[in-house]
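> Each residue of the first sequence is one higher than the one before, starting from 134 at the first, in the numbering used here. Here it is: the structure, laid out below.
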Amino acid sequence: MAKKMVVILGPTASGKSTLAVNIAKKFSALGGPALGWNGAEVISADSRQVYKGMDVGTGKITKKEMRGVPHHLLDVASPKRIFTVTQYRALALKAINKILKKGKLPILCGGTGFYIQAVVDGIVIPAVKPDWKLRTKLERLTTEQLFEKLKKIDPKRAKIIDRNNRRRLVRALEIILKTKKPIPALKKNPLPYPILIIGVKKEKGELKKLISERLEKRLKQGMVEEVKKLRESGLSWERLKGFGLEYRYIARYLKTTKDFRNPLRFERISEIPKSVNFEKSDFFNRLQKEIEHYAKRQMTWFKRDQRIHWIKKQPEAEKLVKKFL
RNA sequence: GACGGGGUAGCCAAGCGGUCAGGCGCGGGUUUGCAAAACCCGAGACGCAGGUUCGAAUCCUGCCCCCGCCU
Numbered sequence: 134m135a136k137k138m139v140v141i142l143g144p145t146a147s148g149k150s151t152l153a154v155n156i157a158k159k160f161s162a163l164g165g166p167a168l169g170w171n172g173a174e175v176i177s178a179d180s181r182q183v184y185k186g187m188d189v190g191t192g193k194i195t196k197k198e199m200r201g202v203p204h205h206l207l208d209v210a211s212p213k214r215i216f217t218v219t220q221y222r223a224l225a226l227k228a229i230n231k232i233l234k235k236g237k238l239p240i241l242c243g244g245t246g247f248y249i250q251a252v253v254d255g256i257v258i259p260a261v262k263p264d265w266k267l268r269t270k271l272e273r274l275t276t277e278q279l280f281e282k283l284k285k286i287d288p289k290r291a292k293i294i295d296r297n298n299r300r301r302l303v304r305a306l307e308i309i310l311k312t313k314k315p316i317p318a319l320k321k322n323p324l325p326y327p328i329l330i331i332g333v334k335k336e337k338g339e340l341k342k343l344i345s346e347r348l349e350k351r352l353k354q355g356m357v358e359e360v361k362k363l364r365e366s367g368l369s370w371e372r373l374k375g376f377g378l379e380y381r382y383i384a385r386y387l388k389t390t391k392d393f394r395n396p397l398r399f400e401r402i403s404e405i406p407k408s409v410n411f412e413k414s415d416f417f418n419r420l421q422k423e424i425e426h427y428a429k430r431q432m433t434w435f436k437r438d439q440r441i442h443w444i445k446k447q448p449e450a451e452k453l454v455k456k457f458l
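Dropping the structure here:
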C-alpha cells in the first residue's frame with residue numbers, strides 16, 4: 134500500500150460531501166482492505182466550514198451524516214479571526230499525514246479550489262498575520278496609489294497582480310512591509326504521491342434546483358438565528374458581509390430590521406418567527422442568484438485543471454477509485 | 001372621445017441633435033498570503049413609417065400601443 138490521496142470537488146450543492154462519505158463507507162467493496170488500506174477519512178476543503186458556529190449556512194456535515202467516517206478541518210477556527218490558505222494548508226497536511234500513518238486513505242473534499250490547490254500543488258508561503266493598523270492606513274489610499282506603491286517596492290509582484298483589486302494590493306503590501314522583503318517567488322511543492330481528482334458535474338438547471346431546495350431547507354433550519362447568534366457573539370456586520378452568500382444576505386436583512394427600516398422587527402432571537410416567509414421573496418431570489426454565480430465561479434476555477442475526472446453519478450466515482458487504489 | 005404622461009436590450013432606468021449612460025440578469029474570465037471574498041472583460045437598444053439634418057434615441061408629421069385622468 135503506497136501513499137495515495139483522493140480529492141472530491143465540485144460546485145456548491147452538487148453533493149460532494151455525501152459522495153465522500155459514501156465512498157468511505159463502501160471502501161471495502163472497492164477493494165481497499167484487500168490492498169492493505171485500513172479505511173478512509175475525510176478532510177474538508179471549505180473556506181467557511183473551518184469556522185466554529187457556522188453550520189447551517191455552510192451546510193456543514195452533521196455527526197449523523199458522517200456515519201462514523203472521521204472528518205477533519207471542520208470547526209478549527211474562530212470566525213472572529215481571519216483564517217487563511219496558509220493556515221489551511223498547514224493543518225490539512227498535518228491531517229493527511231496522520232491519516233496516512235494510520236494506513237487510511239485521505240479524501241480531500243470541498244469546493245474551495247484555492248485551498249485544494251494549495252494542498253495538492255503546494256504553494257509554500259510563510260505566514261503573516263493581518264495588521265489592522267497598517268490596513269486602515271493603506272485603505273486610505275486610492276487603488277491607483279496602492280498599485281504605484283507596490284510597483285515601487287516590489288515591481289515583480291506588481292507585474293502580475295490585478296491592479297484593480299484593492300484587497301489583493303493591500304494584502305501584498307502588508308506582507309512586504311511586515312516581512313521587509315519582496316514577495317518571494319512562487320515555490321511549488323506538490324504532494325509526492327498519486328492523487329485522484331474527481332469532480333462532481335451537474336447540469337445547470339439541475340444545480341439551480343438543488344441550490345434552491347437547499348436554501349429553502351436552510352432557512353427552515355434556523356439560518357437566520359445562526360447569523361443573529363454570530364452577530365451577538367461580537368462579529369461586525371462588515372465581517373458577516375465578508376463571509377458572503379447566506380451570511381451576507383441575512384446580515385443585511387437583520388441589520389435593516391434592527392434599524393427599524395423594515396416592518397419586521399426582531400429584538401431577540403426568540404422573536405424571529407420560525408417561518409419568516411422568505412420563499413419567492415426578493416431576498417430569496419437574489420440570494421439564489423448569488424449562490425448560482427458562486428457556483429459558476431467555482432466551475433471557472435476547476436475548468437482549467439485538466440487532471441479532474443468529471444463524473445455525474447456515484448458509480449462512476451466508485452469505478453475511478455477502485456482502479457486508482 | 002378629450003387632456004396629460006409614456007413607449008430605450010430579458011427587466012429597471014438615464015440621455016432629449018454629434019465618443020460611452022448605469023444597474024440587474026445573461027455569457028466569458030482572473031485568482032499562487034482574507035478566495036462563499038475581491039476583481040476584470042463581453043454581447044444586446046432606442047414602438048412603427050416617413051421627413052428635417054453633414055449627422056436623430058434625441059426635432060417634425062402620421063400611425064400603433066400602454067398608463068393616468070375627465071366626460
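All C-beta atoms, glycine included, are put in the ideal place defined by N, C-alpha and C. Model, not experiment: these values are computed from the prediction.
From the DSSP output, which residues share a beta bridge with I256?
In the first sequence, the residue the question calls residue 256 occupies position 123. Beta-bridge pairing links I256 to K321.
> On the DSSP bridge list, what partners appear for L329?
Residue numbering aside, residue 329 sits at position 196 when the first sequence is read from its first letter. Answer is V139, bridged to L329.
> Using a Cβ-Cβ cutoff of less than 8 Å, which residues in the same chain neighbour G164 once the five nearest sequence positions on both sides are dropped?
Position 31 of the first sequence, counting from 1, holds the residue named residue 164. So the qualifying residues of the chain are K455 and L458.
> With a Cβ-Cβ cutoff of 8 Å, do K321 and G243 count as a contact?
On the first sequence, position 188 is the one that residue 321 refers to. On the first sequence, position 110 is the one that residue 243 refers to. Not a contact, by the Cβ cut-off of 8 Å.
> For the alpha helix (DSSP H) holding A157, just list the boundary residues, first then last.
Counting from one through the first sequence, the residue named residue 157 turns up at place 24. Element bounds for A157: K149 to K158.
> Starting from G338, trace the beta strand (DSSP E) in both directions and tell me its first and last residue.
The residue you call residue 338 lines up with position 205 of the first sequence. No beta strand (DSSP E) contains G338, which is instead part of the alpha helix (DSSP H) from K337 to K353.
> If you measure between the beta carbons of G192 and Q431, is that distance less than 8 Å?
As a working note, residue 192 is residue 59 in the first sequence. As a working note, residue 431 is residue 298 in the first sequence. Contact flag unset, no.
> Jot down the residue ranges of each uninterrupted alpha helix (DSSP H) in the segment 232-317, minimum 4 residues, whole runs only, in chain order.
246-250, 265-272, 276-286, 288-293 and 299-312
> Round the Cβ separation of E425 and K341 to the nearest angstrom and send it over; I've been treating them as touching at under 8 Å.
Stepping through the first sequence from its first residue, residue 425 is reached at position 292. Stepping through the first sequence from its first residue, residue 341 is reached at position 208. Yes, they are in contact, since the Cβ atoms of E425 and K341 sit about 6 Å apart, within 8 Å.
> Rounded to whole angstroms, what's the CA-CA distance from K547 to W370? Just pull it up for me.
Any property of residue 547 remains undetermined from this structure, which presents the chain solely from 134 to 458.
> From the DSSP output, in three-state form, read off I424 for me.
Position 291 of the first sequence, counting from 1, holds the residue named residue 424. In the structure shown, I424 sits in a helix (DSSP, three-state: H, G or I).
> For V140, count neighbouring Cβ atoms within 10 angstroms of its own Cβ and tell me buried if that reaches 16, exposed if not.
Counting from 1 along the first sequence, the entry for residue 140 is found at position 7. So V140 ends up on the buried side.
> DSSP puts A210 in a beta bridge; with which residues?
The residue labelled residue 210 in the question sits at position 77 within the first sequence. Answer by DSSP bridge pairing, in chain order: Y184.
> Flag this pair as yes or no: are the beta carbons of V333 and L207 separated by less than 8 Å?
Here residue 333 refers to the residue found at position 200 when the first sequence is read from its first residue. Here residue 207 refers to the residue found at position 74 when the first sequence is read from its first residue. Not in contact: V333 and L207 (Cβ atoms no closer than 8 Å).
> In three-state DSSP terms, what is I383?
If you number the first sequence from 1, residue 383 lands on position 250. DSSP places I383 in helix when its eight states are reduced to three.
> Please say whether K362 and G186 have beta carbons closer to each other than 8 Å?
The sequence position of residue 186 within the first sequence is 53, counting from 1. The sequence position of residue 362 within the first sequence is 229, counting from 1. Result yes, Cβ atoms of G186 and K362 sit closer than 8 Å.
> How about K313 and V261: are their beta carbons less than 8 Å apart?
Here residue 313 is taken as the residue at index 180 of the first sequence, counted from 1. Here residue 261 is taken as the residue at index 128 of the first sequence, counted from 1. Contact: no.
> Quick check on I176: does DSSP put it in helix, strand or coil?
Indexing the first sequence from 1 puts residue 176 at position 43. Looking at I176 - three-state DSSP - the assignment turns out to be strand.
> Alpha helix (DSSP H) containing W370: first to last residue?
Sequence index remark: in the first sequence, residue 370 carries index 237 (1-based). W370 -> alpha helix (DSSP H) spans W370 to F376.
> Does the segment 442-453 touch the segment 155-172, meaning 3 or more C-beta pairs lie closer than 8 Å?
yes
> Note down the Cα distance separating A305 from I294, rounded to an integer number of angstroms.
As a first step, residue 305 must be located in the first sequence, where it is residue number 172. As a first step, residue 294 must be located in the first sequence, where it is residue number 161. Distance between the alpha carbons of A305 and I294: 9 Å.
> So, P323 versus V253, is the Cβ gap smaller than 8 Å?
The count along the first sequence starts at 1 and reaches residue 323 at position 190. The count along the first sequence starts at 1 and reaches residue 253 at position 120. In contact: P323 and V253 (Cβ atoms closer than 8 Å).
> What is the DSSP secondary structure of I444, counted as helix, strand or coil?
Numbered from 1 along the first sequence, position 311 holds the residue referred to as residue 444. The answer is strand: DSSP assigns I444 an E or B state.
> For the alpha helix (DSSP H) that contains V357, what are its first and last residues?
Indexing the first sequence from 1 puts residue 357 at position 224. M356 to E365 is the extent of the alpha helix (DSSP H) around V357.
> Mind checking which residues open and close the alpha helix (DSSP H) that includes M134?
As a working mapping, residue 134 is identified with position 1 in the first sequence. Where M134 is concerned, there is no enclosing alpha helix (DSSP H), given that its DSSP letter is neither H nor E.
> Can you check which of these residues, S414, I328 and S211, is closest to I249 by C-alpha distance?
As a position in the first sequence, residue 249 is number 116, starting the count at 1. Of S414, I328 and S211, the residue nearest in Cα terms is I328.
> Quick one, are the C-beta atoms of I442 and I331 less than 8 Å apart?
The sequence position of residue 442 within the first sequence is 309, counting from 1. The sequence position of residue 331 within the first sequence is 198, counting from 1. Checking the displayed sequence, the identity of residue 442 turns out to be His instead of Ile. Their beta carbons are under 8 Å apart, which means H442 touches I331 by this criterion.
> Do the CB positions of E174 and I258 come within less than 8 Å of each other?
The residue you call residue 174 lines up with position 41 of the first sequence. The residue you call residue 258 lines up with position 125 of the first sequence. No.
> Under a Cβ-count criterion, where at least 16 other Cβ atoms within 10 Å of its own Cβ denotes burial, should P144 be classed as buried or exposed?
Taking the first residue of the first sequence as 1, we reach residue 144 at position 11. The residue in question, P144, is buried, as its Cβ has 16 or more Cβ neighbours within 10 Å.
> Sorted by chain position, which residues of the same chain lie with C-beta nearer than 8 Å to F416's C-beta, five sequence neighbours on each side aside?
As a position in the first sequence, residue 416 is number 283, starting the count at 1. Within the same chain, F416 has close Cβ partners Y382 and Y386.
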